[in-house]
Amino acid sequence: MRIEPVGLEGAYLIRPQIFPDSRGVFLEIFNQPDFEETIGHPLEVAQVNCSSSRRGTVRGLHGVAMPPGQARYATCVRGAIVDIVVDTRIGSPTFGSHIPVRLDDERREALYLAEGLVHGFAPLDDEATVVYLCSSIYTPAASFQINPLDPALSLPWPQHGEPILSDKDRTAPTLRQALDLGILPTYNECLALSEARRLRAGGGSREALR
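Residue numbers for the sequence shown follow our numbering, so the first one is 114 and each next one is one higher.
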């Protein structure tokens, strides 16, 4: 598989090799050695989630405060989605920037997001199923939401009439309000967590690897 950065530091697109035959297809959704070689540390998996959504739904934007923070590794196993990533790391050079990424059940790509990058997704088909690996378990007290319809972000959601949102997402603060509330992680503490993982994995510091 190929693992490539996609515009925001800490965001990577994973392109698997697909093996088709008369029975169907086979592929690796995740490969720890390949992941660690590119990212610099292993993916710590504490929880695996699966959600199915119908057309018009918008899920997100969801993140986890530091500590504990949460990295995510997501793939679409049925249908197609647009997954929109937003940088919420205070002090990041790309704070408030976003990137849309298409994930579908044909190319079978996956998206890795380091701590501090929040995301949300919306189906591009009548129904889509997403599976994502999380580096920490769900902790309500640490979880935070950013309103996916924040006009200042102007995110490119599919247009299928009035978006279907959970009550929690609909009433979530804008990015500016979340910043004022003090619930967002900082760029430095997110980088420090990644650096600590590299050191635990025996990869040395980022500076030493340059």
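Backbone N, C-alpha and C define an ideal beta-carbon position, used for all residues, glycine too.
Buried versus exposed, by CB contacts within 10 Å (16 or more), residue i
{"i": "Thr-201", "result": "buried"}
{"i": "Pro-206", "result": "exposed"}
{"i": "Arg-319", "result": "Below a pLDDT of 50, predicted positions are generally treated as unreliable, and Arg-319, at 48, falls in that range; the measurement from the model is reported next regardless. The residue in question, Arg-319, is exposed, as its Cβ has fewer than 16 Cβ neighbours within 10 Å."}
{"i": "Ala-124", "result": "buried"}
{"i": "Ala-227", "result": "buried"}
{"i": "Asp-293", "result": "exposed"}
{"i": "Tyr-186", "result": "buried"}
{"i": "Ser-165", "result": "exposed"}
{"i": "Gln-145", "result": "exposed"}
Same chain, Cβ closer than 7 Å to residue i, five either side skipped, listed in chain order
{"i": "Ile-131", "result": "Val-138, Leu-140 and Arg-221"}
{"i": "Leu-126", "result": "Glu-117, Val-119, Val-214, Glu-222 and Leu-224"}
Cutoff 8 Å; reference residue i; Cβ partners in own chain excluding five residues on either side
{"i": "Phe-208", "result": "Asp-200, Thr-201, Arg-202 and Tyr-300"}
{"i": "Leu-314", "result": "First, the residue type needs correcting, since residue 314 is Ala and not Leu in the sequence shown. Correct list, in chain order: Glu-149, Gly-153, His-154 and Pro-155."}
{"i": "Thr-252", "result": "Val-177 and Pro-181"}
According to DSSP, residues forming a beta bridge with residue i
{"i": "Glu-117", "result": "Leu-126"}
{"i": "Cys-303", "result": "In the DSSP output, where bridge partners are listed per residue, Cys-303 has none listed."}
{"i": "Ala-241", "result": "Ser-166"}
{"i": "Phe-148", "result": "Beta-bridge pairing links Phe-148 to no other residue."}
{"i": "Asp-134", "result": "Gly-137"}
Own chain partners of residue i with C-beta closer than 6 Å, once the 5 adjacent residues on each side are dropped
{"i": "Leu-297", "result": "Thr-201, Ile-203 and Ala-291"}
{"i": "Val-177", "result": "Gln-183, Ala-255 and Ser-256"}
{"i": "Val-161", "result": "Leu-246"}
{"i": "Pro-269", "result": "Pro-213"}
{"i": "Arg-311", "result": "Gly-153 and His-154"}
CB of residue i within 7 Å of CB of residue j, strictly
{"i": "Val-198", "j": "His-232", "result": "yes"}
{"i": "Val-65", "j": "Ala-235", "result": "Residue 65 cannot be examined here, being either before or after the span of the chain that is shown, 114 to 323."}
{"i": "Leu-121", "j": "Ala-193", "result": "no"}
{"i": "Asp-263", "j": "Thr-287", "result": "yes"}
{"i": "Val-171", "j": "Leu-304", "result": "no"}
{"i": "Thr-188", "j": "Ile-259", "result": "no"}
{"i": "Glu-157", "j": "Ser-307", "result": "no"}
{"i": "Arg-168", "j": "Asp-218", "result": "no"}
Any non-hydrogen atom of the ligand FMN within 6 Å of residue i CB
{"i": "Leu-230", "result": "Looking at this structure, you won't find the ligand FMN or any other ligand, since it has none at all."}
Uninterrupted beta strand (DSSP E) stretches inside the region 179-205 (no shorter than 3 residues) = Under the rule that a run must span 3 or more residues, the beta strand (DSSP E) segments found entirely inside the region 179-205 read 185-191 and 193-200.
What are the uninterrupted segments assigned as beta strand (DSSP E) that are 3 or more residues long and contained completely in the region 252-310, given in chain order?
-> Counting only runs of 3 or more, we get 256-258.
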